[in-house]
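> Taken in order, the sequence shown gives residues 2 to 423; the numbers are from the working numbering.
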Amino acid sequence: MNYQETLDFLYAQLPMYQREGKAAFKKDLTNTIELCKFLGNPENKFKSIHIAGTNGKGSSSHLMASVLQEAGYKVGLYTSPHLKNFTERVRINGVEMSENEVIDFVERVKPAIEKIQPSFFELTVAMAFDHFANQSVDFAVIEVGLGGRLDSTNVIRPEACLITNIGFDHMDMLGNTLRKIAREKAGIIKTETPVVVSQKQEETSGVFMETALEKNAPLVFAENHLSWKGNNVLLKDSVLLEHVEIGVKGDYQKHNALGVIALSYYLNEYQIADIELEAITKGLLSVVENTGLKGRWQVLGHQPKIITDVGHNEDGWRFVLNQLQREEYNNLHIVLGVVVEKDLPNMLSKLPADAHYYFCKPNVPRGLEAQILFDAAKELGLKGECISDVNEAIFKAKSNANQQDLIFIGGSTFVVAEINEL
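1) What is the C-beta distance between Glu185 and Arg150, in whole angstroms, given that I count them as a contact (C-beta under 8 Å)?
2) Drop a sphere of 10 angstroms on the beta-carbon of Thr178, count the other beta-carbons inside from all chains shown, and report buried for 16 or more, exposed for fewer.
3) Touching or not, the region 64 to 79 and the region 273 to 285, by the rule of three or more beta carbon pairs under 8 Å?
4) Please list, in chain order, all residues of the same chain as Ala141 whose beta carbon is under 6 Å from its beta carbon, the five residues on each side excluded.
5) Between the C-alpha atoms of Ile164 and Gln254, what's the straight-line distance to the nearest angstrom?
6) Could you name the residues that DSSP lists as bridge partners for Trp229?
7) For Trp298, is the classification buried or exposed, using 16 other Cβ atoms within 10 angstroms of its Cβ as the cut-off for buried?
8) With respect to the beta strand (DSSP E) encompassing Val487, which residues constitute its N-terminal and C-terminal limits?
9) Secondary structure at Leu333, three-state DSSP: helix, strand or coil?
10) Identify the residues that DSSP records as bridge partners of Lys384: which are they?
11) My guess is that Leu369 and Val340 are in contact by the Cβ rule of under 8 Å, so how many angstroms apart are they, rounded?
12) Mind checking Trp229: buried by the 16 CB within 10 Å criterion, or exposed?
13) From the DSSP output, which residues share a beta bridge with Glu144?
14) Anyone know if the C-beta pair for Thr33 and Val107 falls short of 7 Å?
15) Where does Phe47 fall in DSSP's three states?
16) With distances taken from CA atoms, which of Ala129, Ile114, Ser81 is nearest Ser99?
17) Which same chain residues, not among the five before or five after Val321, have their C-beta less than 7 Å away from its C-beta?
18) Can you tell me where the beta strand (DSSP E) with Val249 in it begins and where it stops?
19) Between which two residues does the beta strand (DSSP E) containing Val91 stretch?
20) If you scan the region 169 to 220 from start to end, which runs of the beta strand (DSSP E) of 3 or more residues do you find wholly inside it?
21) What span of residues does the alpha helix (DSSP H) with Thr414 cover, start to end?
22) Apart from the five residues just before and just after Val289, which ones in its own chain have a Cβ nearer than 7 Å to its Cβ?
23) Please confirm whether Ser60 and Asn291 have their CB atoms less than 7 Å apart.
24) Scan the region 116 to 165 and note each continuous alpha helix (DSSP H) run of 4 residues or more that stays entirely inside, going in chain order.
25) Report yes if the C-beta distance between Val300 and Ala394 is below 7 Å; otherwise report no.
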């Protein structure tokens, strides 16, 4: 098979959460364990850092990988979902796995695919582990797909873990309280393995403390030790890092950066990695160049200013809306699309009433019909128009906007993925 035929085979043969939702999620690690066994257990052949959370885990994974690269290590990075190309999911020092390597892997594991019938995600996790082992990476930064405890990535024995913000998302699978969701995320904490929590939240802190105690795992809440003062990061009351600049915009990235700085500091303290303070500063600044991170408060154009962000749940939207309030513009245009399982009244009620909306549908089976979104928004007094295709909606927004206006594109990772200019 050529590359496109290989991808078609993967999409056709294997259940895919991004397309099918809950039906593709397997609450069991058996398939991943079997796949890894077939491949000679590649997950045991490299050091890893495991990162979970509701919001910020993708950004934090890229930031951590960038810091390790600046420290001189060969770093694998596994993230999901991809925005443009499937190969974005598996990178080493920012270089994506090649199309030929994907083809070769799928050919090699076809007997296992037929026998085990893994999900799309289970297979891509095994692919990443196999690639990192074959390429002898020093560290692999592994982002959890969904949850933590039962996520396919949770077969690794990491050197350390990082848990970011906990918020409401995927409640049908992870639970309907923050404590229940946190319990699933805390499932990545391993015995005697250091864990850093980026944000200390009243509802979830106890869960992490209980789990860490059970596992005898050293636990650090980043905010207990680190804080921002202007562009400096303080360790307790002393300056640890001066003139810190994060290469990806959005004030919410400061929470993610604190977690990554704390983890980098403690990787040094526990002699897991040798990371100079300069590597931390350089890694945070050069994250886009080092890793290819996209879709995080990304500016796509000026006059009018065009911004996109993958934030798509309650906390993600809160960060986006706070950031929008810091922007200067005459009129606000929002190109918006969501997936079917979203709590529309809750989400839409928080959106700015003075914006003009262009309701669209992400081109995946889980995408919510633009007309349904339009009707729900209209009931809550939001004004706009229904243009189902994402790029047609963006074109219309550009046509209506003047040079001093702002266009925001978001609502779903899959809307962002379809942007032609991304």
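Ideal Cβ placement from N, Cα and C applies to all residues, glycine included. Since the model is a prediction, treat every value here as computed from it, not as a measurement.
The answer reads as follows:
1) 5 Å
2) That one is exposed.
3) With the cut-off at 8 Å, the region 64 to 79 and the region 273 to 285 touch.
4) Phe47, Ser49, Gly77, Phe133
5) It is roughly 14 Å from the alpha-carbon of Ile164 to the alpha-carbon of Gln254.
6) DSSP lists Val234 as partners of Trp229.
7) buried
8) In the structure displayed, the chain extends from 2 to 423; residue 487 sits before or after that span and is not available.
9) strand
10) When DSSP reads this structure, Lys384 sits in a beta bridge with His357.
11) The pair is a contact, with the Cβ atoms about 6 Å apart (cut-off 8 Å).
12) exposed
13) Glu144 is bridged by DSSP to Ile52.
14) no
15) Coil at Phe47, not helix or strand.
16) Ala129
17) Asp310, Gly312, Gly411
18) Here Val249 belongs to no beta strand (DSSP E), and DSSP marks it neither H nor E.
19) 91 to 93
20) 196 to 198
21) Its alpha helix (DSSP H) spans residues 414 to 419.
22) Gly248, Val249
23) no
24) 121 to 135
25) no
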